[in-house]
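Asks: For our numbering, count along the sequence shown from 1 and bump the result up by 102. Before I ask anything, here is the structure I am working with.
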Amino acid sequence: MSEATLPLAILKESEFYRQKIPIGFTRTCSCEDNHLNCMTAKEWIKCQLGVWQFSYEGRDIRDKKVHPATFPISLSRRIIELFTHKGELVVDPFVGSGTTLVAARDLDRNAVGFDLQESYIKLCAERLATEHLFNQSQQIAVCDDALHIPEYLEPQSVSLIWTSPPYANLLNRKRKNKSRRDRKNNQYMKIEQYSQDPRDLGTMELEGFTIALGDIFERLLPLLKPKAHCVINVPDMWWQNERITIHVSVIEELRARGYELRNTIIWDRTNIVNKIGIFGWPSNYITMGTTFEYLLDFWRPSAD
Ligand SMILES: C[S@@+](CC[C@H](N)C(=O)[O-])C[C@H]1O[C@@H](n2cnc3c(N)ncnc32)[C@H](O)[C@@H]1O
């Protein structure tokens with residue numbers, strides 16, 4: 103089958119299920135070989151600061167009933183533009199509503215995203231079907247456990263892994279923070295979990311989550327080109343008055359699995375957080391957990 107006839111989604115009954123996908127992964131631009139991306143020096147400067155802010159746009163999915171934890175298309179675009187050239191291949195192992203695929207389509211990059219939930223994969227396909235861009239790249243959503251990604255992609259074909267994994271089992275509890283209560287938010291006292299599937303990383307305690315994430319990323323490492331980047335978006339969280347440092351667990355685990363940490367970028371979310379409430383006053387100082395998240399930039403070290 104030629105690249106032109108690839109489907110938008112691969113489900114269990116598809117002929118591509120757990121087969122290599124004939125998707126493009128080589129540059130279609132005319133940039134110099136040693137360039138990291140297609141950016142001009144002026145565009146590059148915008149990315150130089152270590153703290154970034156983004157806004158949502160009309161196409162972003164912000165309805166938590168549709169998907170509880172999406173990142174903005176503009177953030178996804180920045181990461182893809184920074185670490186790939188046109189025509190190269192981006193992989194999102196936890197693709198959710200398909201934000202990475204939409205951004206890749208905007209930027210003419212090939213992309214494959216994976217998610218356990220069939221409903222999210224169908225949502226990805228719907229979003230892609232409404233985008234009519236006349237570029238040559240392809241974006242595909244696959245319904246499968248991220249552990250199986252090496253069955254779909256060739257070694258050293260991937261130029262960027264970009265994702266936001268589920269956050270240990272911290273979504274797997276009733277939401278009752280004050281700002282939600284004040285806004286009469288209908289998520290108040292609801293569980294915002296993706297699923298109760300035991301393969302879902304969001305159902306695991308931090309320790310099990312970290313090992314399961316490490317197992318997935320260890321299998322992904324051979325798929326990356328040498329010096330290709332892998333960017334992981336995670337927050338830290340408060341849980342029962344303790345700070346859960348998810349970013350520390352992820353950094354230590356990925357280093358142990360052969361990745362090298364290159365940059366730590368702060369995604370400053372102060373421009374998009376909901377109303378700021380008073381937490382802990384007057385005796386217990388706690389920062390509002392949602393005001394920033396980490397963008398942990400790793401790469402596959404080169405062989406030499
Ligand atoms: C934080 S969300 C990703 C949201 C995405 N960045 C977006 O903008 O829509 C994490 C996703 O990982 C999926 N997931 C959890 N465990 C998985 C696994 N083992 N394999 C593949 N997907 C998994 C969940 O279903 C959830 O949709």
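Just so it is clear, CB atoms sit at the ideal spot from N, CA and C, and this is done for glycine as well. Owing to the predicted nature of the structure, the values given are computational and were not obtained by experimental measurement.
1. Measuring only the C-alpha atoms, how far is Ala243 from Ser351?
2. Under the rule that 16 or more other beta-carbon atoms within 10 Å means buried, what is Lys167, buried or exposed?
3. Any chance the CB of Arg164 is under 8 Å from a heavy atom of ligand 1?
4. Closer than 8 Å: is that where the CB of Thr372 sits relative to any heavy atom of ligand 1?
5. Quick check on DSSP: helix, strand or coil for Ala270?
6. Using the Cβ count rule (16 or more neighbours within 10 Å means buried), how would you classify Leu151?
7. Which two residues bound the contiguous alpha helix (DSSP H) that contains Arg321?
8. Check whether the region 109–127 touches the region 212–220, counting contact only when three or more Cβ pairs, one atom from each stretch, lie closer than 8 Å.
9. DSSP three-state call for Phe471: helix, strand or coil?
10. Beta carbon of Tyr222: closer than 8 Å to some heavy atom of ligand 1?
11. Compute the minimum distance between the beta carbon of Thr142 and the heavy atoms of ligand 1, and state whether it is under 8 Å.
12. Among the candidates Leu191, Pro170, Asp162 and His169, whose CA atom is the shortest distance from the CA of Leu177?
13. Kindly indicate which three-state DSSP category Asp135 falls into: helix, strand or coil?
14. Specify the secondary structure class of Leu262 as computed by DSSP and reduced to three states.
15. Out of Ala330, Ile346 and Ser259, state which residue places its alpha-carbon closest to the alpha-carbon of Asn271.
16. Run through DSSP, which three-state label would His349 get?
Replies: The answer reads as follows:
1. 28 Å
2. exposed
3. Ligand 1 has no heavy atom closer than 8 Å to the beta-carbon of Arg164.
4. no
5. coil
6. So Leu151 counts as exposed.
7. Leu308 to Leu322
8. yes
9. An answer regarding residue 471 cannot be provided, because it is not within the stretch 103 to 406 covered by the chain.
10. Yes, Cβ of Tyr222 sits closer than 8 Å to a heavy atom of ligand 1.
11. no
12. Looking at the Cα atoms, Asp162 is the closest of the given residues.
13. coil
14. strand
15. Ile346
16. helix
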